[in-house]
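**Student:** Next up is a structure, given as structure tokens.
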Amino acid sequence: MKTLTLQEPGRFSLQDTPPPSHALKNQALVRVHRVGICGTDLHAFQGKQPFFAYPRIIGHELAVEIVELGETDEAHDVAVGDWCAVEPYLNCGQCRACQRGYTNACSALKVLGVHIDGGMRELLNLPIRKLHRVRGLSLAQIALVETMGIGAHAVRRARLEAGEFVLVIGAGAIGMGTMQFAKLANAKVIAMDVNPDRLHFCQNVLGIPYTIDARHNSLDQLREILGEDRPSAVFDATGNLTSMTNAFQYVAHAGRLIFVGLAQGDITFNDPYFHSHEITLLASRNATRDDFSWVIEALEKHTVSVDRWVTHETNPEELPTDFPNWLHPQSGLLKAMLRFT
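Residue numbers (my numbering): -10 to 330.
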């Protein structure tokens, strides 16, 4: 079967590897049809991804078809032939975090394509409990369920209230998912980015009412929207240390700052400012099964959308050449998709 491996930073190899012979116990043998490319993959290619070792088969945003179900006594609702989104966070089920329901923050968590080999191959075994049956969505939509789940989980973490102003910094796929689920919570959403085309997309395609061009004075633009007030919830979805450090200044008194993006390094902040504002600082990691269900339902009901997100497509033979080009801003990349079929 075709298998793409990131051998080291900057170098993919396409190999013919033996396929799995059968479905393992409590697992399903699945055929991979689409693999979404996310910031984690781009950072891994650049050698900048935390929790990562080479060589690695990357890919965790997957649209798969069940080929065979292994022997299992676990309750499930999937069958051979079903199309599924994949929850790629393999948790132990035994640690205190798992027992409390925080499977996304398991103390022994292994993420497909990061800690263990992922989905850039034609066939693989996956735990049945990590498959989410999907009806009526395209393959691209199915592959993007995981991306949207990151934003959905961040919004649930923030416990948004109807009518509050929310700032989302970073108009990439994670940020745009966060914006849409904040809108579903009836918040008033402000999008901030350095890319005017992204801001135009947010306003004219996603219906985000307010935008801030971060190339210019962001606080002045924020004052034009809110006067001297600040957003009571600020999400940073950039994965950029400078942006994450600066994000504190945008938070209202008694507000929340939610770090959705992940950066390799340290973040510092002014403690008197932090205390005087009584800011609540939250990290948001991955997503849970409930988040996946929420995303799938919202996509099926058309209350959120990933239409026009996929700007680049490739196949296994062309990916090693195409991938480096996506790192350049002039590529216009929003979301890339690998097609196996």
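For every residue, glycine included, the Cβ atom is placed at its ideal position computed from N, Cα and C.
1) Ignore the nearest five residues each way along the sequence and tell me which others in N80's own chain have a CB closer than 7 Å to its CB.
2) Could you tell me the alpha carbon to alpha carbon distance between V144 and L126, rounded to whole angstroms?
3) Considering only DSSP beta bridges, list what H301 is partnered with.
4) Please say whether E307 and M326 have beta carbons closer to each other than 7 Å?
5) Between the stretch 159 to 174 and the stretch 283 to 294, can you find at least three pairs of beta-carbon atoms closer than 8 Å?
6) Can at least three beta-carbon pairs, one atom from the stretch 260 to 275 and one from the stretch 40 to 54, be found at a separation below 8 Å?
7) Determine, using beta-carbon pairs with one atom in the stretch 99 to 115 and one in the stretch -2 to 17, whether at least three such pairs fall under 8 Å.
8) Comparing alpha-carbon positions, which option in V240, G166, V299, L188 lies nearest T292?
9) 7 Å is my cut-off, CB to CB: does A252 come that close to chain D?
10) Given a cut-off of 7 Å on the beta-carbon distance, is the pair A74 and V24 in contact?
11) For the stretch 250 to 260 and the stretch 185 to 193, state whether three or more C-beta atom pairs, one from each stretch, are separated by less than 8 Å.
12) Comparing C-alpha positions only, which one of I179, P198, I47, A17 sits nearest to F312?
13) Which two residues bound the contiguous beta strand (DSSP E) that contains D5?
14) With a cut-off of 8 Å on the beta carbons, I'd call A222 and E153 a contact; round off their distance for me.
15) Can you list the alpha helix (DSSP H) stretches of 4 or more residues lying completely in the stretch 66 to 107, in chain order?
16) Alpha carbons only, please: which of L149, A129, W72, G196 is nearest the one belonging to L246?
17) Could you spell out where the beta strand (DSSP E) holding T231 opens and where it closes?
18) Any chance you could list the alpha helix (DSSP H) runs of at least 4 consecutive residues sitting entirely within the stretch 114 to 194, in chain order?
19) Roughly how many angstroms separate the alpha carbons of H22 and H121, rounded to a whole number?
20) Hey, out of E(-3), L13, T(-8), whose CA is closest to P7's CA?
21) Going along the chain, which residues of its own chain have a beta-carbon closer than 7 Å to the beta-carbon of G228, five neighbours each way excluded?
**Tutor:** From the atom records:
1) C87, T92, C95, L98
2) 23 Å
3) A325
4) Cβ atoms of M326 and E307: not closer than 7 Å.
5) yes
6) no
7) Per the Cβ contact rule, the stretch 99 to 115 is in contact with the stretch -2 to 17 (3 or more Cβ pairs under 8 Å).
8) Comparing Cα positions, the closest option is G166.
9) Included in the structure is just one protein chain, with no chain D present.
10) Going by C-beta atoms, A74 is not nearer than 7 Å to V24.
11) no
12) I47
13) Taken as a continuous stretch (DSSP letters only), the beta strand (DSSP E) holding D5 covers 0 to 5.
14) 6 Å
15) 85 to 88
16) L149
17) Not the beta strand (DSSP E): T231 falls in the alpha helix (DSSP H), residues 230 to 235.
18) 128 to 132, 134 to 147, 162 to 173, 185 to 193, all fully within the stretch 114 to 194.
19) Roughly 15 Å between the two C-alpha positions.
20) T(-8)
21) G28, G250, L251, A252
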